[in-house]
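*Asks:*
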Amino acid sequence: MSNRPTTLYPASAKELTDFGQRLKDARLRRRFSMDTVCARADISRPTLYKIEHGDPSVSIGLYVQVLRVLSLLDDLSFLAKDDTLGRRLQDELLLSRKRAPRRKRPTGGSDEKS
Numbered sequence: 524m525s526n527r528p529t530t531l532y533p534a535s536a537k538e539l540t541d542f543g544q545r546l547k548d549a550r551l552r553r554r555f556s557m558d559t560v561c562a563r564a565d566i567s568r569p570t571l572y573k574i575e576h577g578d579p580s581v582s583i584g585l586y587v588q589v590l591r592v593l594s595l596l597d598d599l600s601f602l603a604k605d606d607t608l609g610r611r612l613q614d615e616l617l618l619s620r621k622r623a624p625r626r627k628r629p630t631g632g633s634d635e636k637s
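Position in the sequence shown (first residue = 1) + 523 = my numbering.
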């Protein structure tokens with residue numbers, strides 16, 4: 524593994540920070556201490572601190588562990604559920620319905636043999 528820092532776009536970093544804050548708020552609403560969440564999620568206190576501050580170096584698996592402890596794991600299924608851009612791109616690639624070639628109609632000219 525490399526030790527280089529994870530860089531995010533500012534909007535992505537803000538989303539991750541906001542997500543961490545929402546996890547912290549959920550923990551406080553449930554009146555769980557940091558030690559309780561750490562014990563149940565099998566993580567260290569500094570790791571939970573990083574999660575609650577939206578540190579991008581923490582693995583997604585640890586975020587999932589905290590969601591499980593807070594009984595919010597079902598919310599994970601809503602991520603990227605309605606992929607409107609992906610659906611539009613997929614629909615553009617669908618082939619249009621093709622028609623069978625037209626049949627040639629015999630011409631009714633004077634070349635008919637009797």
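Every residue, glycine too, gets a C-beta built ideally from N, C-alpha and C.
When we look at the beta-carbon of residue 564 and count the other beta-carbons within 10 Å, is it buried (16 or more) or exposed?
*Replies:* Translated into the one-based positions of the sequence shown, residue 564 becomes position 41. Flag for residue 564 reads buried.
*Asks:* For the ligand MN, is there any heavy atom lying closer than 7 Å to the beta carbon of residue 629?
*Replies:* Annotation note on the ligand MN: not contained in the displayed structure, which lists no ligands.
*Asks:* Just mark residue 546 as buried or exposed, buried being the case when its beta carbon has 16 or more other beta carbons within 10 Å.
*Replies:* By 1-based counting over the sequence shown, the position of residue 546 is 23. Per the 10 Å Cβ criterion, buried.
*Asks:* Around the C-beta of residue 615, are 16 or more other C-beta atoms found within 10 angstroms, so that it is buried, or is it exposed?
*Replies:* In the sequence shown, counting from the first residue as 1, residue 615 sits at position 92. Exposed.
*Asks:* Can at least three beta-carbon pairs, one atom from the region 584 to 592 and one from the region 557 to 574, be found at a separation below 8 Å?
*Replies:* With a cut-off of 8 Å, the region 557 to 574 and the region 584 to 592 count as touching, because enough Cβ pairs lie within range.
*Asks:* How would you label residue 612, buried or exposed, when you count the other beta carbons within 10 angstroms and need 16 or more for buried?
*Replies:* The count along the sequence shown starts at 1 and reaches residue 612 at position 89. It is exposed - the Cβ of residue 612 has fewer than 16 other Cβ atoms within 10 Å.
*Asks:* Can residue 529 and residue 580 be called in contact, C-beta distance under 8 Å?
*Replies:* Within the sequence shown, residue 529 is the residue found at index 6, counting from 1. Within the sequence shown, residue 580 is the residue found at index 57, counting from 1. Yes; because the gap between Cβ atoms is below 8 Å, this pair is in contact.
*Asks:* Could you check where the alpha helix (DSSP H) with residue 547 kicks off and where it finishes?
*Replies:* Here the question's residue 547 lines up with position 24 in the sequence shown. Looking at the DSSP string, the run of the alpha helix (DSSP H) that includes residue 547 is 533 to 552.
*Asks:* Check the C-beta distance from residue 551 over to residue 570 and give it rounded, since I have them as a contact under 8 Å.
*Replies:* The residue labelled residue 551 in the question sits at position 28 within the sequence shown. The residue labelled residue 570 in the question sits at position 47 within the sequence shown. Wrong, their Cβ atoms sit about 18 Å apart, outside the cutoff.
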